[in-house]
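First up is the structure itself, then whatever we jot down about it.
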Amino acid sequence: MPHPYPSTTLSNPWWALVVLLAGTLLPPLDFFVVNTALPFIQQDLHASDTATQLVVSAYAATYAVFLITGGRLGDLYGRRRVFLAAMAGFSLSSLICGLASSASMLVFGRILQGAAAAVMAPQALASIHALFPDTHKQRALGLYGVTFGMAAVVGQVMGGWLIDIDLFGLGWRNLFLVNIPVLLVAMPAALMLVPENRAEHPQRLDPIGILLLAAALICLIVPLVEGRHLDWPLWSLVMLLGSLPLFLLFWHHEHRLFAQGRDPLVIPAVFDAPGMIRGLLATVFFYAIAPFFLLFAIHQHAYAQLPPLQAGLSVLPLGVGFLIGPLFSGWCISATYQRYVAPVAIVIEALGVWGTGLVAANDHAFWLPITLFLIGAGEGMALPPLVRHVVQRVDRRWAGLAAGLVNSVLQCSSALFVAIEGGLFFSLVGHSFSPARVAQAFTITCIVIGALLLLSALLAYPRQADTLIK
Numbered sequence: 001m002p003h004p005y006p007s008t009t010l011s012n013p014w015w016a017l018v019v020l021l022a023g024t025l026l027p028p029l030d031f032f033v034v035n036t037a038l039p040f041i042q043q044d045l046h047a048s049d050t051a052t053q054l055v056v057s058a059y060a061a062t063y064a065v066f067l068i069t070g071g072r073l074g075d076l077y078g079r080r081r082v083f084l085a086a087m088a089g090f091s092l093s094s095l096i097c098g099l100a101s102s103a104s105m106l107v108f109g110r111i112l113q114g115a116a117a118a119v120m121a122p123q124a125l126a127s128i129h130a131l132f133p134d135t136h137k138q139r140a141l142g143l144y145g146v147t148f149g150m151a152a153v154v155g156q157v158m159g160g161w162l163i164d165i166d167l168f169g170l171g172w173r174n175l176f177l178v179n180i181p182v183l184l185v186a187m188p189a190a191l192m193l194v195p196e197n198r199a200e201h202p203q204r205l206d207p208i209g210i211l212l213l214a215a216a217l218i219c220l221i222v223p224l225v226e227g228r229h230l231d232w233p234l235w236s237l238v239m240l241l242g243s244l245p246l247f248l249l250f251w252h253h254e255h256r257l258f259a260q261g262r263d264p265l266v267i268p269a270v271f272d273a274p275g276m277i278r279g280l281l282a283t284v285f286f287y288a289i290a291p292f293f294l295l296f297a298i299h300q301h302a303y304a305q306l307p308p309l310q311a312g313l314s315v316l317p318l319g320v321g322f323l324i325g326p327l328f329s330g331w332c333i334s335a336t337y338q339r340y341v342a343p344v345a346i347v348i349e350a351l352g353v354w355g356t357g358l359v360a361a362n363d364h365a366f367w368l369p370i371t372l373f374l375i376g377a378g379e380g381m382a383l384p385p386l387v388r389h390v391v392q393r394v395d396r397r398w399a400g401l402a403a404g405l406v407n408s409v410l411q412c413s414s415a416l417f418v419a420i421e422g423g424l425f426f427s428l429v430g431h432s433f434s435p436a437r438v439a440q441a442f443t444i445t446c447i448v449i450g451a452l453l454l455l456s457a458l459l460a461y462p463r464q465a466d467t468l469i470k
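Right, here's the structure in full:
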């Protein structure tokens with residue numbers, strides 16, 4: 001009887017998955033955990049408002065820009081090798097952040113950290129696709145989705161907790177230094193437990209494509225992240241407009257390389273797979289939920305008058321739902337109905353968002369844990385099949401590219417909707433920031449988020465012509 005796993009895997013690849021999920025957890029965790037520490041960082045380093053915002057946005061922008069390149073590096077040079085190198089880079093950059101003596105040094109460390117995260121994160125998703133057979137892949141992706149839920153919840157709570165206990169008198173620096181012992185354990189574990197896997201026919205990197213794509217994404221992401229805070233200065237609008245010709249130039253360059261039989265960064269043929277473009281669009285609108293965490297925290301602090309740690313704890317029902325959702329979709333739903341999980345779960349998530357908006361407007365705090373749980377459960381159930389239905393449309397040799405592409409789409413759409421929905425929220429609040437205006441703005445923004453999620457559900461609904469590559 002043939003072995004149920006590919007020849008590149010261990011006899012039990014679930015041990016490898018444990019290590020890979022550590023690399024999945026850290027990048028989003030380090031995004032969420034820093035939000036609670038920003039006031040302490042600003043006070044300790046005497047940082048300006050702009051520099052303080054860059055502590056978050058520099059990481060997010062760098063992460064989004066280099067995800068596709070990070071995925072391709074794993075395809076070309078081996079995903080375990082690249083995973084180990086990225087973990088080493090993440091450790092070094094975390095040390096720089098933890099020892100930063102100025103805001104500029106901290107921002108520099110965050111840029112390095114974002115680049116290392118962009119290389120590390122796609123290797124986990126690509127390895128799951130390459131190492132697990134279809135009979136076990138759904139459960140593996142369910143745990144992958146659980147990890148994102150853990151990052152969102154743990155990040156909200158852990159930031160406040162680490163600052164409160166003030167271990168060794170290091171304060172906010174513990175948020176970065178805690179990564180180092182985790183990675184010192186994860187790196188030798190990866191060396192022992194994660195089998196090497198890569199594309200069967202390694203291709204060369206495309207340096208011109210990397211530069212063009214990085215320039216295009218920088219021109220798109222940086223203004224979206226920084227523009228609203230700075231009241232949309234001229235440079236931000238020029239960069240946004242300049243991103244379109246850069247994307248077109250990049251795409252023309254990739255098509256030319258592919259037509260010449262050379263190795264482009266992004267394989268144009270990937271987008272020819274049935275349902276691929278629609279799946280990516282569904283992924284874009286799925287992350288309309290991205291600004292919800294920030295807006296809910298503002299609502300809880302300004303309207304419900306909760307202190308930061310308690311406001312962070314109030315989102316726990318959402319985290320519980322996010323933890324349960326992927327497990328439920330992976331273990332309790334038969335293969336016959338798996339293709340319908342994503343659209344149904346996204347509708348549940350939309351109902352939860354609308355319910356939270358109504359609860360916020362009418363002071364029905366009793367219902368809040370229920371509506372938040374629906375958001376988390378819907379998102380947790382939808383994310384694994386949504387990712388799987390994109391990644392599994394391409395050949396295994398391009399798994400890293402597909403993983404980087406999905407993660408990059410998620411990050412770019414996150415920045416896009418934070419700018420759009422965040423701009424709507426703050427425009428509705430105005431300068432007064434009164435509790436009543438905050439509640440009204442939050443409710444209206446929740447209505448918009450729910451509508452965009454329904455569009456994602458419509459795009460994610462399976463069509464008869466769609467086929468997956470096994």
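UniProt numbering numbers the first residue of the sequence shown as 1 and each following residue consecutively. Where a beta carbon is used, it is the ideal one built from N, C-alpha and C, also for glycine.
Contact between the stretch 379–392 and the stretch 187–200 is defined here as three or more beta-carbon pairs at a separation below 8 Å; is this criterion met? Not touching, per the Cβ criterion.
Does DSSP classify residue 48 as helix, strand or coil? Counting from 1 along the sequence shown, the entry for residue 48 is found at position 48. In the structure shown, residue 48 sits in coil (DSSP, three-state: anything other than H, G, I, E or B).
Using CA atoms only, rank isn't needed, just tell me which of 284, 66, 175 and 143 is closest to residue 454. Walking along the sequence shown from the start, residue 454 turns up at place 454. When only C-alpha atoms are compared, the closest one is 284.
Cutting at 7 Å between CB atoms, please list the residues of its own chain near residue 180, excluding the five before and the five after it. Here residue 180 is taken as the residue at index 180 of the sequence shown, counted from 1. Closer than 7 Å at Cβ, skipping near neighbours: 91, 94 and 95.
Expressed to the nearest angstrom, what Euclidean distance is found between the alpha-carbon atoms of residue 89 and residue 218? Counting from one through the sequence shown, the residue named residue 89 turns up at place 89. Counting from one through the sequence shown, the residue named residue 218 turns up at place 218. The alpha-carbon atoms of residue 89 and residue 218 are separated by roughly 21 Å.
Taking all protein chains shown into account, decide if residue 253 is buried (16 or more other Cβ within 10 angstroms of its Cβ) or exposed. Here residue 253 corresponds to residue number 253 of the sequence shown, with the count starting at 1. That one is buried.
When you compare the CB positions of residue 61 and residue 266, do they come within less than 8 Å of one another, or not? Counted from its first residue, the sequence shown places residue 61 at position 61. Counted from its first residue, the sequence shown places residue 266 at position 266. No.
Whole angstroms are fine: how far does the CA of residue 58 sit from the CA of residue 213? Position 213 of the sequence shown, counting from 1, holds the residue named residue 213. Position 58 of the sequence shown, counting from 1, holds the residue named residue 58. Here the alpha carbon of residue 213 sits roughly 17 Å from the alpha carbon of residue 58.
Three-way DSSP call (helix, strand, coil) for residue 206 in this model: Locating residue 206 in the sequence shown gives position 206, where the first residue counts as 1. In the structure shown, residue 206 falls within a coil segment according to DSSP collapsed to helix, strand and coil.
What did DSSP end up calling residue 290 once you bin it into helix, strand or coil? As a first step, residue 290 must be located in the sequence shown, where it is residue number 290. In the three-state reduction of the DSSP assignment, residue 290 falls in the coil class.
Nearest residue (CA-CA) to residue 154, options 317, 290, 216 and 116: Stepping through the sequence shown from its first residue, residue 154 is reached at position 154. With respect to the C-alpha of residue 154, the residue from 317, 290, 216 and 116 having the closest C-alpha is 317.
Do residue 34 and residue 171 come within 8 Å of each other at the CB atom, strictly closer than that value? Stepping through the sequence shown from its first residue, residue 171 is reached at position 171. Stepping through the sequence shown from its first residue, residue 34 is reached at position 34. No. Outside cutoff.
Segment limits, alpha helix (DSSP H) that includes residue 170: Counting from one through the sequence shown, the residue named residue 170 turns up at place 170. Unbroken run through residue 170: none, as it is neither H nor E.
Given this structure, state the Cα-to-Cα distance separating residue 425 from residue 345, to the nearest angstrom. Here residue 425 corresponds to residue number 425 of the sequence shown, with the count starting at 1. Here residue 345 corresponds to residue number 345 of the sequence shown, with the count starting at 1. Cα-Cα distance, rounded: 26 Å.
Once DSSP output is grouped into helix, strand and coil, what is the label at residue 232? The residue you call residue 232 lines up with position 232 of the sequence shown. Looking at residue 232 - three-state DSSP - the assignment turns out to be coil, as it is neither helix nor strand.
First and last residue of the uninterrupted alpha helix (DSSP H) at residue 127: As a position in the sequence shown, residue 127 is number 127, starting the count at 1. DSSP places residue 127 inside the alpha helix (DSSP H), whose first and last residues are 103–131.
Would you give the residue range spanned by the alpha helix (DSSP H) that residue 388 belongs to? Residue numbering aside, residue 388 sits at position 388 when the sequence shown is read from its first letter. 368–391 is the span of the alpha helix (DSSP H), which, as asked, contains residue 388.
DSSP state of residue 431 mapped onto helix, strand, coil: Sequence index remark: in the sequence shown, residue 431 carries index 431 (1-based). Three-state DSSP puts residue 431 in coil, outside helix and strand.
What number of angstroms, rounded off, separates the C-alpha of residue 191 from the C-alpha of residue 411? If you number the sequence shown from 1, residue 191 lands on position 191. If you number the sequence shown from 1, residue 411 lands on position 411. In a straight line, the C-alpha of residue 191 is about 29 Å away from that of residue 411.
Among 104, 141 and 246, which residue has its Cα nearest to the Cα of residue 18? Translated into the one-based positions of the sequence shown, residue 18 becomes position 18. The candidate whose alpha carbon is nearest that of residue 18 is 141.
In or out: residue 436 buried (at least 16 other Cβ within 10 Å) or exposed? Locating residue 436 in the sequence shown gives position 436, counting from the first residue. It counts as exposed.
Got a sec? Which residues, its chain only, sit under 6 Å from residue 174 by beta carbon, not counting five neighbours each side? Taking the sequence shown and counting its residues from 1, one reaches residue 174 at position 174. Taken in chain order, the residues that qualify are 162 and 167.
Residue 174, DSSP secondary structure in three states: For this step, residue 174 is matched to residue 174 along the sequence shown. Helix.
Which residue from 112, 326, 247 and 228 puts its Cα closest to that of residue 208? Within the sequence shown, residue 208 is the residue found at index 208, counting from 1. Nearest of 112, 326, 247 and 228 to residue 208, Cα basis: 247.
Could you check the C-alpha separation between residue 53 and residue 114 for me, to the nearest Å? One-based indexing of the sequence shown puts residue 53 at position 53. One-based indexing of the sequence shown puts residue 114 at position 114. When rounded, the distance between both Cα atoms is 15 Å.
Of the listed residues 164, 133 and 186, nearest to residue 23 (C-alpha basis): In the sequence shown, residue 23 corresponds to position 23, counting from 1. When each option's Cα is compared against that of residue 23, the closest is 186.
Contact under 8 Å by Cβ, residue 229 with residue 442: Numbered from 1 along the sequence shown, position 229 holds the residue referred to as residue 229. Numbered from 1 along the sequence shown, position 442 holds the residue referred to as residue 442. No, Cβ-Cβ distance for residue 229 and residue 442 is not below 8 Å.
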